[in-house]
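Peer 1: Heads up: the sequence shown begins at -15 in our numbering, then just goes up one per residue. From the three backbone atoms N, C-alpha and C, an ideal C-beta is built for every residue, glycine too.
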Amino acid sequence: MYKGKQLGFIALIILLIGNFAGGASFAGIASAADRTAVNGLPLGSTVTLAGGPDRNALAELEDAYRQPSGIVQLKDGSILIADTANHAIRRIADGQSQIFAGASLSNKRDENGLPAGALLDGQAKLAFFNQPAGLAVNAAGDVFVADAGNNAIRKIDKSGNVTTVAGSGVQGFKNGKGEAASFSHPQDVAIAADGTLYVADTLNHVIRRISPQGEVTTIGAASTRAVEPRSGVAVPAGSYKNGSLAEAQFNEPSGLELDEQGNLYVSDSGNQAIRYINFVKGSVTTAAGAEPAYAQGALYADYGFADGAAAAARFHSPRGLAWSKEQGLIIADALNHAIRKLKDGKVTTLAGALNGEGSFSDGIESEARLNTPSDVTVTQSGKLLIADTNNAAIRQWTGYTPPAAWKKGNIAVAYGEKLLASDVAPLVKQGRVMLPVRAVGELLGFTLAQADNGRIQLKKDSRTIYLTPGNRNVVIETTGSAKRTLTADVAPYVLKGHVIAPLRLLAEILGKDVQWAGSDKLVIIRDLKHAAVSGTAAADAKRTDPSSARLMEITALRGESKVSFGGALTVDAYVGMKLGEGAVLETGPKATAQLRTLDKGDEIAVGSGTVLVATELRGTEGILITRLNVVAGHIYPHVADLTHSADRFEVQTGQMTNSVRGTQFMTSVDPLTGQTKLVVVSGKVAVSNGNGNTEQSGPPTYIYPSQQITLDKDEDEPLDLSVNFINVEDLVRMASPDVLAEILRNKAEIDKENEAYLEGLKKQAGSPKDPTIPDWLTQEMLDKLQNNFEQLIGNIAKDALAKNKISKEELIKLIEEANKKPGSDGKKLDLDSVKPLDPSAGLDPRLEAERQSKLKELQEEKKAKLEEEQKRLEQLQAQLGSKLNQLEEQRKKQEEANKRALEELKKKAEEDLLRQLNDKLQEEFRKAQQQAELEKKMQQNGYIVTSASPPVWAPPTTPVFTPPPTSTPEPPATPKVEIHYSDDAATEIRAGHNNYFQSLYFGTEHIDLNTEVQVKVTLEKDGQPVTGIPVKFNESMVESNSEGSFILRKSSDENYKLGELQASEDALINYRSTLKDAGQYTEKTELLNVAGADPVVLGSFTRTLTVTPNATFVFDYGHVEFYQNVEELWKFQSNAYGLAEDAQVGYRITWTGPDNEPVTGQVMRLFIRPHDSEADVDAIVMETNNEGSALLQLSSTGAGTAGKWDLAGGGIDISLTSTLAVEGSYQMTVQLVQLGDNMDIGEPMSWSFLVNPTS
């Protein structure tokens, strides 16, 4: 040990584990030109130059970006950005952002409150664009713009004048010159040295060439492929073919870049490939990407995420491209949220998550995250600029550069611009690099000292780290946090007066990233923005794969809405449409939609004028992730309870990220002001700034029922000051009638959720253990909250009636519907007994004065901003003068012309599709087409079309639903069937015996109540029928057949009458069974009319059941008295269900003693036997760690799997003996653990007992 030794004689050395044979190390092979991290990404860092979802970094910039999708650098070093959804071109110079061209932000907004595009040439600041996308600059400094929404190519010359090079604003496909030529949503442009301009004519699925004289010609053959995304609807789609310039085919080409030979790379987005046009050979080939494969009815080829050989690489909607001689081709792989590189026939990833996760975060390569990067460019200094579209940001990636003083030679250590200075040089011994920790600590700002008991102490600010030679445990103490202990692979040891310790562990403790550049012999230490991520420990996450994709379904529609599937094409939304990751739903000004996740059943009501992006919909290692981005408008999600689940449901609204654990709330973004708002109706929502990373934005703020939070786009005040009492009038004004109706329908569930939440608050009020429970939550405050919870829905209903958002007749129906739901007894809605809400409930009284002062200040600021905006609008209108009327007239003509062009395109797609079908299929298509048109007409005329009751087309005549001028007609009476499940009819089930039980009844309209009916239930697991399971029903047993189905009847020889199954608590159908296998089950319940010869389905309902592994314990309480310093016995039986037979399992046993402290160093002897066995077995001796826990691995008994121990059958008995030295209250907790994944199975079992003093 170290007693008596001077610290000055000890040099602490860290180990950098690696194998130097062949130049490789734990961080991988690296070179000065291409240094890579342990996860394979090149060393580099990403920062945000402008914009961002939180907009908090915009203090010095003019405004926020909306979906920037084009970027280029000018000769003077400034940057131009196509700010697509703002219909403007911006310029960033000297850290300032300003409008370079485009006047839409100063003009009036569209019906949804978003900036409106138009086509108008003239001086740059007075010209108009419509969804400008790709940019290119020629040698003279002229800027060319792919003006996608105007179907035109524009030019901004050096003097600032905007002209139209080709295209008339109307969609089409014609060669020619100037306005005679036509395009369809061009996404990118590239300019050759001779002045030839190349255009990615995206929705025409070809490349266009504009000569220096302005003549437009075509490269590639037009596609004749058409798909049927739903029965009766044909949509034009791109194709794939290599070959000559005349015969090659593309699918939504969206990015272009010329290489140094003057040949053209093409991002063939819909084919998930990079194509290469060799003008010398006159050929088109595939430069990277697998051979496209199309699913039935798919617009786009299957996607993926894989690096490697070019022919095997996988992409997901690749878009913008950049070329440099040193780096090769840089690719913005948009829906993989990554930047990729193609060089020397190999594809690698430069930046972004390796698992395809889309979010927002700056930092080094292991931390930086992007969200739909759409374009890239390489600057004159070699930096990479990224148009990060759905993060509304301009990002910059810079490769790592060693300190200027570094010279290649001996092993060196770099941190920032510093090199390690030490009298003890780094050493290599047995393949390990050893570094002096005193010098490293000083380099990183830590001080080194000797502590007690021979320990070495490293200290910086509030953190102290203790290492002890010979002991693998490293202790970390941080002020205000619990002490942590980490265990190293290698224990520190003394070698010739130096203490040796593992670098990997120490780097993680110090919150640093450490990489090894082998060919440079350079150890690189860098700061991490998010201490939870360590570059040395970062694992290469699993790649995105279509098999992990999840889906949402549109279950109801009113009005006209559009959907895009991650590409440029938008199609009409329809009921039953499936939306995956990357899909965008846009509801019209009078439209609403209802969405449902297919696996979880989460429901999202989407209001009018909303733009909703499905940023993430995937399952990763059993965790279901839903991340939605509300660009504009409002949504009302109703989310399944995630309190005990690792699943994630997040909603991004501008500067707010809302992390949901099971609740009902409404969130909105005002597209005019950028203001974001969250209103909580039930449950609790955690709100964070930006992407929700607490390392950047601090801990989340919790919003409770009857509260709201409002943030402005440039607000940087603490979040808790923005929390306020719910403004019911504001909520009703903002919400669509269908969203308000959804809130009222869910009253019973809202009441139940809030009642449970309130009970939890009452139990935990005053407890210091839960940081989410404020200390000011007194009994008086709880009473106020209870009043607000009970009265909230009534107040919303009254205000909706007062504001004519819902008619009196409709409100009466909604109240009756809500009051009939199970669980509404005793809490029925009665407008005559509604009490006002208490505005002080749930708000910290200590902050109220500050909050009100801030609110007044914000109101004054908003007033000033609106006045300033009005002045700017008036100035622009004065400058435009008579052109304003011309602009509006031209816009209307352009819209009408484009409608006609779309009808022609639709007709052509139908013709192309019908040519592929035989006579029978053509007839089926036309019938389905009439049904689709009927549904669309009903939606356009203000009716709600749902998946449960779609209108039915009946030849030969179809009624036209045109409302008279003064009244709204009723829709045709169609049969309607609804299913109602009781509260205990769970969809999340623990594996085990009799775990699957359902209680339900039916509600119907326009069906004879004397109709004879049966109920058919079909169960599938992973697409296969669940056969032979016994089901107990009405005191009898039925069994699922070979199709996984079983029939429920009143008795074995009698069917039900429909009236017997109507909305009554006495009419519940109850059945019970056992689902022992974990996984996802599909339960389909059908109500069958069996009056005729063949059963007819009146209505069907499908739900997803999730069965998770479970553990059960039975303690033997025969021995309940325990004494101090006496060896005592504890016995319990354990079973487990839903685990794979080969699952390796163990038990975590945790002891807590007096004063709730962990019992450390407690020695136990354990005896493991099959249940009820008396066989002699050897004892397993274990000792608890610093947390009072010990992990018993069943493999130590010789048989460690769930199957070998028959845990799903008889199970095992565990006997435990130990001696406790201190009297007092104890608790022993036993948790079954699946090893490898270190996943807890089921709920733990706890045994509380008292240790008496020995007399």
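Is it true that the CB of VAL149 sits closer than 9 Å to the CB of ALA881?
Peer 2: no
Peer 1: Could you check how far apart the C-beta atoms of LYS769 and ALA825 are, in whole angstroms? I think they sit under 8 Å.
Peer 2: According to the sequence displayed, residue 769 carries Leu and not Lys. Contact flag correct, Cβ pair sits at about 5 Å.
Peer 1: Using only the alpha-carbon positions, how far apart do ASN375 and ALA567 sit?
Peer 2: 16 Å
Peer 1: Grab me the residues of GLY246's own chain with a C-beta within less than 8 Å of its C-beta, minus the 5 sequence neighbours each way, in chain order.
Peer 2: ALA176, ALA177, PHE263
Peer 1: Nearest to ASP511 by CA position, among LEU428, LEU103, THR576, LEU432, is which residue?
Peer 2: LEU428
Peer 1: If you check the beta carbons only, do ASN1018 and LYS1041 fall under 9 Å apart?
Peer 2: It is not a contact, given that the beta carbons lie outside the stated cut-off.
Peer 1: With LEU1150 and LEU1200 assumed to form a contact (beta carbons below 8 Å), what rounded beta-carbon distance in angstroms separates them?
Peer 2: Their Cβ separation, rounded to whole angstroms, is 5 Å, which keeps LEU1150 and LEU1200 in contact under 8 Å.
Peer 1: In angstroms with no decimal places, state the Cα-to-Cα distance between ASP1156 and ASP1197.
Peer 2: 7 Å
Peer 1: So, helix, strand or coil for PHE773, using DSSP?
Peer 2: helix
Peer 1: Quick one: grab the DSSP three-state call for THR594.
Peer 2: coil
Peer 1: How would you call LYS731, buried or exposed, if buried means at least 16 neighbouring beta carbons within 10 angstroms?
Peer 2: It is buried - the Cβ of LYS731 has at least 16 other Cβ atoms within 10 Å.
Peer 1: Identify the continuous beta strand (DSSP E) that holds GLN578 and give its terminal residues.
Peer 2: 576 to 581
Peer 1: Closer than 8 Å to a non-hydrogen atom of the ligand GDP - does that hold for the CB of ILE1164?
Peer 2: As presented, the structure is devoid of all ligands, the ligand GDP included, so that no description of it is given.
Peer 1: Where do the N-terminal and C-terminal ends of the alpha helix (DSSP H) with ASP1221 fall, by residue?
Peer 2: Unbroken run through ASP1221: none, as it is neither H nor E.
Peer 1: Would you say ILE1013 reaches chain B, if we count a Cβ-Cβ gap shorter than 9 Å as a contact?
Peer 2: Chain labels in this structure do not include chain B; a single protein chain is all it has.
Peer 1: Could you compute how far the alpha carbon of ALA100 sits from the alpha carbon of SER358?
Peer 2: 21 Å
Peer 1: As an exercise, report each continuous beta strand (DSSP E) stretch of at least 3 residues that is fully enclosed by the stretch 530 to 558, in chain order.
Peer 2: 536 to 542, 545 to 548, 554 to 556
Peer 1: Between the alpha carbons of ASP735 and GLU774, how many angstroms are there, rounded?
Peer 2: 7 Å
Peer 1: Per DSSP, what kind of secondary structure is ASN1236 in: helix, strand or coil?
Peer 2: strand
Peer 1: Are ILE73 and ILE378 closer than 9 Å when you measure CB to CB?
Peer 2: At the C-beta level, ILE73 and ILE378 stay beyond 9 Å of one another.
Peer 1: For THR30 and ASP67, I'd like the C-alpha separation in whole angstroms.
Peer 2: 20 Å
Peer 1: How about the stretch 98 to 114 and the stretch 78 to 88: do they share at least three Cβ pairs that are nearer than 8 Å?
Peer 2: yes
Peer 1: Can you name the start and end residues of the beta strand (DSSP E) that LEU368 belongs to?
Peer 2: 368 to 372
Peer 1: DSSP beta-bridge partners for ARG259?
Peer 2: VAL250, THR270
Peer 1: Hey, how far is the Cα of GLN171 from the Cα of THR186?
Peer 2: 6 Å
Peer 1: Are PRO1228 and GLN1218 touching if we call contact CB-CB under 9 Å?
Peer 2: no
Peer 1: With a threshold of 16 other CB atoms inside 10 Å of the CB of ILE(-2), please say whether the residue is buried or exposed.
Peer 2: Low local confidence applies: a pLDDT of 43 at ILE(-2) is under 50, so the model's placement there is unreliable, with the coordinate-based value given in what follows. Here ILE(-2) is buried, its C-beta having at least 16 other C-beta atoms within 10 Å.
Peer 1: Please state the DSSP three-state secondary structure of GLN1146.
Peer 2: coil
Peer 1: Just curious, the alpha helix (DSSP H) that ALA165 is in, first and last residue?
Peer 2: Note, ALA165: premise wrong, no alpha helix (DSSP H); not H, not E.
Peer 1: Using DSSP bridges, identify the partner residues of ASN708.
Peer 2: Bridge partners of ASN708: GLN692.
Peer 1: Does the beta-carbon distance from ASN235 to ALA285 come in below 9 Å?
Peer 2: yes
Peer 1: Indicate the three-state DSSP secondary structure (helix, strand or coil) for GLU95 in the structure shown.
Peer 2: If DSSP states are grouped into helix, strand and coil, GLU95 belongs with coil.
Peer 1: Buried or exposed for GLY204, going by 16 or more other Cβ atoms inside 10 Å?
Peer 2: buried
Peer 1: I'd like the span of the beta strand (DSSP E) that includes ARG138, first residue to last.
Peer 2: First-last of the beta strand (DSSP E) with ARG138: 136 to 140.
Peer 1: Less than 9 Å between the beta carbons of ILE1013 and ASN1094, yes or no?
Peer 2: no
Peer 1: Determine the direct distance from the alpha carbon of ASP94 to that of GLU877, and round the result to whole angstroms.
Peer 2: Note that residue 877 is Lys in the sequence shown here, rather than Glu. When rounded, the distance between both Cα atoms is 16 Å.
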